[in-house]
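Enquirer:
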Amino acid sequence: MTSQNVVLVTCATGNLGPHVVRRLQERGATVRALVLEGDPGVAKLPEGVELFHGDLADPASLDAALDGVDGVFWMWPFFTLPVDTAPAVLKKIEAQARRIVLVSSVGVHIGLERVDNNCHAYLEELIEETGLDWTFLRTTGFMANALGFAGQIRGDGVVRFPYGAATRTSVHEADLAAVGVEALLTDGHAGKKYLVTGPEALSQEEQVHIIGEALGRTLGWQDVEHEAARSAMVDSGWPPSYADGALDYFAVLTKENEVGSTVVEDVTGRPARTFRQWVDEHVEAFR
Ligand SMILES: NC(=O)c1ccc[n+]([C@@H]2O[C@H](COP(=O)([O-])OP(=O)(O)OC[C@H]3O[C@@H](n4cnc5c(N)ncnc54)[C@H](OP(=O)(O)O)[C@@H]3O)[C@@H](O)[C@H]2O)c1
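By our numbering, the letter at position 191 of the sequence shown is numbered 263, and the numbering carries on one by one without gaps.
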């Protein structure tokens, strides 16, 4: 590890953030977590993390959290916050930090996400214009996305969702965190656009089958038609362009496997965790 060891993690209380905080602590960094005031998710964070209240919608509110940092693990809450304030937030990061890791998306890797969609490709472009040492984590879907099936599994055990045959090389959040932490704390990762994936391609239906095995129950799958799924996603708050992108991508993945990589093992020196490992860690959420 080099001398840059004060790291700020944004979106620290989400699915990924607590893994990042823990991993940074294990590797000896001083860790700051940016949290919204009143966020009950702070209970998920380990002891010893320094909490800073701040809102990505209000760049000035980040000043204290960024003061004196060496690196930033940057996530943006796309579903709830437009990117309007991202350039100003990045300027503040650039004024303090030397390194930045961005959680980007496989959608950029395969050319599905465009810069004008104001999502991950847009943030990558902004960062490339800075003088920061940057690393992009172009990740596939998180294994934690399966928690979205938990209510239906706890109910009648039939998951109703579009494109059950779509394959995913979903990544364990702890593995994604570990790759990002290496990039922040060790040399040799600047300018890398890492495609971060899990070790196996599983259809969504196969993922549900594995959850059933862990529960000792037979679970079912029922495909929801594309248009009905789109309406439900938009009604639940998805920006329409993101819903279209996700559904079109799922349709493609019924015909070809999602891309895979060995980045987790290459960067961390340990094999990527399987979906079954993830399920064993989270099985109580599905009972
Ligand atoms: N999930 C995937 O499959 C996937 C795939 C590719 C890329 N990604 C990227 O990974 C990122 C992290 O995903 P995740 O699943 O960990 O996210 P998440 O669980 O949705 O967490 C979002 C976090 O952002 C915080 N937040 C919301 N609005 C904020 C604001 N205005 N200022 C500061 N913090 C705010 C939330 O706090 P509250 O809980 O208090 O609202 C929460 O801690 C995503 O944003 C996305 O860019 C995800």
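Idealized CB from N, CA, C, for every residue including glycine.
Kindly identify the DSSP beta-bridge partner or partners of Ala-105.
Expert: The residue given as residue 105 occupies position 33 in the sequence shown. Its beta-bridge partners are Val-81, Leu-123.
Enquirer: At 3 residues or longer, and completely inside the region 249 to 301: list those beta strand (DSSP E) runs for me, N to C.
Expert: As far as the region 249 to 301 is concerned, its whole beta strand (DSSP E) runs of at least 3 residues are 264 to 268, 292 to 295.
Enquirer: Name the one or two DSSP bridge partners that Thr-177 has.
Expert: What you label residue 177 is simply residue 105 of the sequence shown in a count that begins at 1. Thr is not the amino acid found at residue 177; the sequence shown has Ser there. Partner(s): Thr-211.
Enquirer: Identify the continuous alpha helix (DSSP H) that holds Val-161 and give its terminal residues.
Expert: Within the sequence shown, residue 161 is the residue found at index 89, counting from 1. Note, Val-161: alpha helix (DSSP H), 158 to 168.
Enquirer: Quick check: the Cα distance between Ser-133 and Asp-127, rounded to an integer number of angstroms?
Expert: Along the sequence shown, read from residue 1 onward, the residue named residue 133 stands at position 61. Along the sequence shown, read from residue 1 onward, the residue named residue 127 stands at position 55. Between Ser-133 and Asp-127, the C-alpha separation is close to 6 Å.
Enquirer: Leaving out five residues on either side along the sequence, give the residues of the same chain with a beta carbon under 7 Å from the beta carbon of Leu-248.
Expert: Taking the sequence shown and counting its residues from 1, one reaches residue 248 at position 176. Within the same chain, Leu-248 has close Cβ partners Leu-88, Leu-209, Thr-211, Val-268.
Enquirer: Looking at C-alpha atoms only, which residue of Gly-341, Arg-342, Ala-273 is the closest neighbour of Leu-325?
Expert: Stepping through the sequence shown from its first residue, residue 325 is reached at position 253. It is Ala-273 whose Cα lies nearest to the Cα of Leu-325.
Enquirer: So, with DSSP's three-state summary, where would you put Gly-203?
Expert: For the purposes of this step, residue 203 is identified with residue 131 of the sequence shown, where counting begins at 1. The answer is coil: DSSP assigns Gly-203 none of H, G, I, E or B.
Enquirer: At the level of alpha carbons, what is the spacing between Lys-360 and Phe-221?
Expert: Since the first and last residues shown for the chain are 73 and 359, residue 360 lies out of range.
Enquirer: Taking the alpha helix (DSSP H) that Thr-331 belongs to, which residues open and close that run?
Expert: Residue mapping note: residue 331 aligns to position 259 of the sequence shown, counting from 1. Residue 331 is actually Val in this sequence, not Thr. Note, Val-331: premise wrong, no alpha helix (DSSP H); not H, not E.
Enquirer: Looking at the structure shown, is Gly-143 part of a helix, part of a strand, or coil, going by DSSP?
Expert: Walking along the sequence shown from the start, residue 143 turns up at place 71. Here Gly-143 sits in strand by DSSP.
Enquirer: Report the CB separation of Val-93 from Val-103 in whole angstroms; it is logged as a contact under 8 Å.
Expert: Here residue 93 corresponds to residue number 21 of the sequence shown, with the count starting at 1. Here residue 103 corresponds to residue number 31 of the sequence shown, with the count starting at 1. Going by Cβ atoms, the distance from Val-93 to Val-103 rounds to 5 Å, so yes, they are a contact pair.
Enquirer: For Val-155, I'd like the list of residues in its chain whose CB is within less than 8 Å of its CB, leaving aside the five on either flank, ordered along the chain.
Expert: By one-based count along the sequence shown, residue 155 stands at place 83. Trp-148, Asn-190, Cys-191, Tyr-194, Leu-195.
Enquirer: Excluding the five sequence neighbours on either side, which residues of its own chain have a C-beta within less than 7 Å of the C-beta of Ile-225, listed in chain order?
Expert: As a first step, residue 225 is located in the sequence shown; it is residue number 153 there, counting from the start. Result list for Ile-225: Val-231, Ile-283, Leu-291, Phe-358, in chain order.
Enquirer: At a cut of 8 Å, does the region 107 to 115 reach the region 169 to 185 through at least three beta carbon pairs?
Expert: Too few Cβ pairs lie closer than 8 Å, so no.
Enquirer: Is Trp-350 near ligand 1, judged by its Cβ being under 7 Å from some heavy atom?
Expert: Numbered from its first residue, the sequence shown carries residue 350 at position 278. Trp-350 Cβ: outside cutoff for every heavy atom of ligand 1.
Enquirer: Which of the three DSSP states is assigned to Arg-186 in this structure?
Expert: Residue numbering aside, residue 186 sits at position 114 when the sequence shown is read from its first letter. In the structure shown, Arg-186 sits in coil (DSSP, three-state: anything other than H, G, I, E or B).
Enquirer: For Ser-275, count neighbouring Cβ atoms within 10 angstroms of its own Cβ and tell me buried if that reaches 16, exposed if not.
Expert: Mapped onto the sequence shown, residue 275 falls at position 203. Classification of Ser-275: buried, given that the 10 Å Cβ count is 16 or more.
Enquirer: Assign Asp-338 to buried or exposed, taking buried as 16 or more other Cβ atoms, counted over all protein chains shown, within 10 Å of its Cβ.
Expert: Your numbering for residue 338 matches position 266 in the sequence shown. It is exposed - the Cβ of Asp-338 has fewer than 16 other Cβ atoms within 10 Å.
Enquirer: Between Trp-355 and Gly-260, what straight-line distance do the alpha-carbon atoms span, to the nearest angstrom?
Expert: Counting from 1 along the sequence shown, the entry for residue 355 is found at position 283. Counting from 1 along the sequence shown, the entry for residue 260 is found at position 188. Looking at the sequence itself, residue 355 is Val, so the reference to Trp does not match. Those two C-alpha atoms are separated by around 37 Å.
Enquirer: With distances taken from CA atoms, which of Arg-302, His-181, Leu-117 is nearest Thr-85?
Expert: Along the sequence shown, one-based indexing puts residue 85 at 13. Ranking Arg-302, His-181, Leu-117 by Cα distance to Thr-85 puts Leu-117 first.
Enquirer: Is it buried or exposed for Ser-75, if we count other Cβ within 10 angstroms and need 16 for buried?
Expert: Sequence index remark: in the sequence shown, residue 75 carries index 3 (1-based). Residue placement at Ser-75 cannot be trusted, given a pLDDT of 49 that sits under 50; what the coordinates show is reported in the next sentence. Burial call: exposed.
Enquirer: Who are the Cβ neighbours of Gly-341 in its own chain at under 6 Å, not counting the five residues just before and after it?
Expert: Position 269 of the sequence shown holds residue 341. Hits under 6 Å: none found.
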